[in-house]
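Report on one structure; see the data block that follows.
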Amino acid sequence: MPRYLEQPEMGKILSLSKRRGFVFQSSEIYGGLNATWDYGPLGVELKRNVKDAWWRSVVHERDDVVGLDAAILMNPQVWVTSGHVESFSDPLVECRECHHRFRLEDLPEGSGCPDCGGPLTDPRQFNLMFKTFMGPTEDSANQVYLRPETAQGIFVNFANVLVSSRRKLPFGIAQIGKAFRNEITPGNFTFRTREFEQMEIEYFVKPGTDDECLDAWVKERMAWYIRYGIREENLRLRRHGEDELAHYARDCYDIQYRFPWGWGELEGIANRTDYDLRHHGEASGDDLSYFDDAAKERYYPYVIEPSGGVDRAALAFLLDAYDEEPDSPTAEKADVRVVLKFHKDIAPYKVALLPLSRNERLVPTARRVFEMVRRRFAAQYDDSQSIGRRYRRQDEIGTPYCVTVDFDTLEDEAVTIRDRDTMEQERVPIEGLVGALADRLDKDR
Ligand code: GAP
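Each residue of the sequence shown is one higher than the one before, counting from 0 in the working numbering.
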């Protein structure tokens with residue numbers, strides 16, 4: 000879909016998010032909590048659509064992936080075995096004067112404090128896992144962690160899923176859920192926060208087929224962002240250098256998006272080898288190896304892991320959809336139409352039902368049509384202010400179709416469908432409205 004604007008300013012996105020109810024600062028009435036955000040009425044729809052689009056393409060449209068929803072709190076031994084207690088840390092330095100803290104890797108080598116110029120302490124390792132206590136006694140025996148990745152819930156359920164769903168390699172387990180990291184420097188709106196949602200797949204393969212499988216998932220995941228509307232020129236791949244690989248990874252690619260502040264990671268696709276299954280198998284005493292019937296051999300499967308962030312994906316979809324169109328390019332002083340050109344599956348609402356006015360003759364028909372439409376699609380009823388302003392309001396939140404009920408409707412039992420992108424209007428009979436909307440909404444799938 001063509002765009003007039005290459006990239007929106009972050010200020011416009013922040014203001015739209017708050018004004019229209021995509022994202023609010025968390026606990027705002029108490030001054031907020033650093034880098035935590037709440038999703039408003041439109042944001043929650045957007046996020047659900049992102050998760051549904053992901054689930055559809057990695058679980059429902061495939062034969063080889065099943066789902067899981069594991070608990071956030073896990074036996075703390077999980078995090079010892081996974082290596083997170085030992086290695087999930089960032090080197091942190093602190094300014095001796097202003098006491099601000101920074102990730103060492105964010106600073107140029109040998110620099111002083113970026114805020115006040117003061118001297119910095121030597122780096123120390125700072126573990127990013129949040130700790131809390133389970134039960135009434137706050138001692139170390141009752142300490143548990145808020146999971147920093149959803150992946151471990153999948154690894155410890157590997158045998159349960161394998162047996163209960165009678166799977167054979169290669170197959171994957173997908174999961175969406177909250178993760179928590181005590182980030183030293185959160186920021187850039189919802190890009191880096193301490194509480195966020197992940198969409199992860201652990202895809203189990205025979206060792207030796209892992210490199211090929213990694214390549215296939217990289218292509219598949221890149222295609223997903225494009226399928227749901229991100230412009231190709233705003234995406235790129237970056238392979239990790241040896242020195243930046245996570246403690247469990249042998250290879251990793253990041254899918255990056257061109258955010259207004261620069262390129263940033265949307266998703267990582269890693270080859271985790273047999274690191275997790277082997278360590279959990281050995282530490283728990285449960286056999287997490289796999290018997291390959293065809294090859295008559297037993298081994299620990301290797302794991303390819305596409306791991307994306309829901310919040311980052313939602314932010315990228317929002318940024319990429321934002322456009323400002325000159326209302327009338329030929330007019331001397333053109334007005335601007337702000338429009339979110341979301342893919343139809345990602346748009347928070349699919350249809351808006353707009354009676355021409357609040358005239359009491361129109362309302363019963365408009366309500367009847369609305370009841371029909373909302374049973375099938377996420378729909379809004381809006382009858383305040385002029386029809387022109389209502390179209391603009393729906394454009395600004397990316398609603399693909401507006402349906403107008405006017406006085407002719409009372410005579411001909413037909414309504415007008417107006418298209419967000421072309422602004423073209425078409426008259427259709429009420430009887431065929433749901434089908435007409437479904438055809439239009441399905442067209443891009
Ligand atoms: N299980 C592998 C794993 O967790 P990761 O690269 O650390 O890998 C995966 O995280 C994805 O989770 C990232 O690509 C990003 O989209 C999201 N993510 C990670 N930390 C985040 C944070 N602090 N705030 C928002 N999203 C985050």
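We treat Cβ as the ideally placed atom computed from N, Cα and C, and that holds for glycine.
In the DSSP assignment, what are the bridge partners of residue i?
i, result
"asparagine 270", "Asp250 and Ile303"
"isoleucine 429", "The partner list for isoleucine 429 (beta bridge, DSSP) is empty, contrary to what the question assumes."
"threonine 415", "Thr403 and Arg426"
"lysine 177", "Glu196"
"arginine 238", "Tyr252"
"aspartate 291", "Glu296"
"aspartate 286", "DSSP lists no partner for aspartate 286."
"threonine 131", "Val143"
"phenylalanine 190", "The partner list for phenylalanine 190 (beta bridge, DSSP) is empty, contrary to what the question assumes."
"asparagine 126", "Ser88"
"phenylalanine 154", "Phenylalanine 154 is not bridged to any residue."
"cysteine 445", "Within the shown structure, residues of the chain are numbered from 0 to 444, placing residue 445 beyond reach of any answer."
"proline 325", "Val335"
"glycine 263", "Tyr256"
"valine 204", "Tyr301"
"tyrosine 380", "Leu352"
"isoleucine 183", "Its beta-bridge partners do not exist; DSSP assigns none."
"glycine 171", "Val64 and Tyr202"
Does the beta carbon of residue i fall short of 8 Å from some heavy atom of the ligand GAP?
i, result
"proline 7", "no"
"serine 88", "no"
"serine 25", "no"
"alanine 69", "no"
"glycine 449", "There is simply no residue 449 to check, as the chain begins at 0 and stops at 444 in what is shown."
"alanine 178", "yes"
"threonine 149", "yes"
"glycine 307", "yes"
"threonine 482", "The structure shown does not extend to residue 482, since the chain is modelled only from 0 to 444, so the question has no answer here."
"alanine 245", "yes"
"proline 122", "no"
"proline 185", "yes"
"glutamine 197", "yes"
"phenylalanine 190", "yes"
"tyrosine 193", "In the sequence on display, residue 193 carries arginine and not tyrosine. Yes, the Cβ of arginine 193 comes within 8 Å of a heavy atom of the ligand GAP."
"arginine 47", "no"
"alanine 312", "yes"
"glutamate 370", "no"
"aspartate 253", "yes"
"glutamate 219", "no"
"glutamate 104", "no"
"glutamate 304", "yes"
"glutamate 85", "no"
"glutamate 108", "no"
"glutamate 93", "no"
"glutamate 425", "no"
Report, in whole angstroms, the separation of the C-beta atoms of residue i and residue j, which I expect to be a contact under 8 Å.
i, j, result
"alanine 34", "glycine 152", "Actually they are not in contact, since the Cβ atoms of alanine 34 and glycine 152 sit about 25 Å apart, beyond 8 Å."
"leucine 234", "tyrosine 224", "6 Å"
"alanine 346", "glycine 280", "In fact, because the Cβ distance is near 45 Å, the residues do not count as touching under 8 Å."
"leucine 168", "valine 204", "6 Å"
"serine 88", "glutamine 124", "4 Å"
"glutamine 393", "alanine 437", "The pair is not a contact, with the Cβ atoms about 19 Å apart (cut-off 8 Å)."
"alanine 178", "threonine 131", "The pair is not a contact, with the Cβ atoms about 15 Å apart (cut-off 8 Å)."
"isoleucine 416", "glutamate 425", "5 Å"
"phenylalanine 511", "leucine 15", "This structure cannot speak to residue 511, because the chain is shown only from 0 to 444."
"valine 338", "arginine 388", "Valine 338 to arginine 388, Cβ: 14 Å. No contact."
Is it true that the CB of residue j sits closer than 9 Å to the CB of residue i?
i, j, result
"tryptophan 78", "methionine 0", "no"
"tyrosine 38", "leucine 32", "no"
"valine 160", "leucine 67", "yes"
"tryptophan 262", "arginine 238", "no"
"asparagine 48", "aspartate 344", "yes"
"arginine 220", "glycine 307", "yes"
"alanine 320", "lysine 349", "no"
"glycine 171", "aspartate 63", "yes"
"serine 56", "arginine 166", "no"
"arginine 311", "threonine 189", "yes"
"aspartate 405", "leucine 355", "yes"
"proline 122", "glycine 111", "no"
"glutamine 142", "glutamine 174", "no"
"phenylalanine 101", "leucine 287", "no"
"arginine 2", "arginine 230", "yes"
"arginine 277", "tyrosine 289", "no"
"aspartate 242", "alanine 269", "no"
"glutamate 199", "glutamate 304", "yes"
"tyrosine 299", "aspartate 273", "yes"
"isoleucine 254", "leucine 244", "no"
"leucine 409", "arginine 360", "yes"
"arginine 357", "aspartate 382", "yes"
(request) Entirely within the stretch 334-378 and at least 3 residues each: give me those beta strand (DSSP E) ranges in chain order. (result) 335-339 and 350-354
(request) Run through the stretch 1-71 for me and flag every whole beta strand (DSSP E) of 3 or more residues, listed as ranges in chain order. (result) 22-24, 36-38 and 64-67
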